Every structure is written in structure tokens, then in C-alpha cells.
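**Q** Take the sequence shown: its position 62, counting from 1, is numbered 63 in this note's numbering, and each next residue is one higher.
Pasting a structure below so you can have a look.
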Amino acid sequence: MDQYQPVAGSYAVIKCQEKFLLCYNTWRKQWELPAGKRERGETTKACAIRELYEETGQVVTEMDFIGLMVVKNILNGTLKYNPVYGAMVEKLIPFVENEETSGIMLWDTEERVEVIDAVDLCLIKELK
């Protein structure tokens with residue numbers, strides 16, 4: 002991954018019962034995949050595992066590297082690279098609302114969702 006710079010935050014893609022785990026971001030007022038910035042010295046995988054826990058309360062000890070998502074800023078043309086990790090779980094741990102996330106859901110990609118992050122939606126379509 003060293004040849005891809007800048008490496009930005011990691012995504013955590015969780016599938017349960019053939020559905021994708023989404024969380025509702027109270028700050029951005031939209032449904033999103035769990036994701037976020039890396040902390041200093043943190044690996045990209047550790048970032049995905051931590052963000053999953055912080056945003057959804059879900060605990061996984063291992064995630065597989067799925068790929069590297071390339072996102073282009075349409076205003077200035079710069080690229081950033083987001084590592085994407087995934088895991089399958091049999092059931093979800095009960096959710097406790099937190100400062101950033103007010104709810105979670107399992108999404109089958111068919112059910113209508115009010116507002117979902119556009120980049121996350123593109124990623125989900127690629128992984129479907």
C-alpha cells in the first residue's frame with residue numbers, strides 16, 4: 002500500500018444476514034458505512050476495527066482487506082486512497098447511541114434509505 006499516497010481513513014464493511022451494516026451519522030445527518038481517520042501509529046486494519054466499534058458498538062477481532070478505494074476530489078482533482086476491510090458476523094451486538102451515531106441498520110440495498118453517503122453507496126454497489 003506504500004505506493005498509494007495519501008492513504009486516508011479506513012472503511013469497515015460488515016455483512017450480517019446478507020445485508021450491509023450502516024450507521025446514522027448525527028453530525029452529517031446521513032447513513033454511512035463505519036469509517037474514519039487513522040490515529041498516529043495506527044495500522045489501516047486497526048483503524049477499521051476501532052471505527053467500527055466507536056460508531057456501531059460492534060466488536061470484531063479480525064477483518065479481511067477487501068481493497069483500496071480511490072476517491073477523486075471533483076473540485077481540485079486530487080486523489081485519496083481509502084483501505085476497505087470487511088467481515089461477516091452472524092448477529093449484531095445491541096447498539097448503544099453515542100455522540101456520533103444515533104442508530105444502526107442492516108441494509109439489503111433494495112430498501113429505500115432516506116439519505117445515504119454517495120461515496121459509501123458507490124462502494125456498496127461495487128461490493129454487492
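Glycine is no exception: its CB is placed at the ideal position from the N, C-alpha and C atoms.
From a predicted model like this one, the values you see are computed outputs, not experimental measurements.
Quick check on DSSP: helix, strand or coil for Y5?
**A** coil
**Q** Could you give the first and the last residue of the continuous alpha helix (DSSP H) run that contains D121?
**A** A119 to L128 is the extent of the alpha helix (DSSP H) around D121.
**Q** State the start and end residues of the unbroken alpha helix (DSSP H) segment that holds L53.
**A** Its alpha helix (DSSP H) spans residues T45 to T57.
**Q** Tell me which same chain residues have a C-beta within less than 6 Å of the C-beta of V114, skipping the five on either side of it?
**A** W32
**Q** Tell me whether the region 71 to 80 and the region 17 to 30 touch, counting them as touching only if at least three CB pairs, one residue from each stretch, are closer than 8 Å.
**A** By the criterion of at least three beta-carbon pairs nearer than 8 Å, the region 71 to 80 is not in contact with the region 17 to 30.
**Q** What is the residue span of the beta strand (DSSP E) that G68 lies within?
**A** D65 to K73
**Q** Who are the near neighbours of E98 in its chain, counting only those whose CB is closer than 8 Å to its CB and skipping five residues on each side?
**A** G104
**Q** Just mark V116 as buried or exposed, buried being the case when its beta carbon has 16 or more other beta carbons within 10 Å.
**A** Under the 10 Å beta carbon count, V116 is surrounded by fewer than 16 other beta carbons and is classified as exposed.
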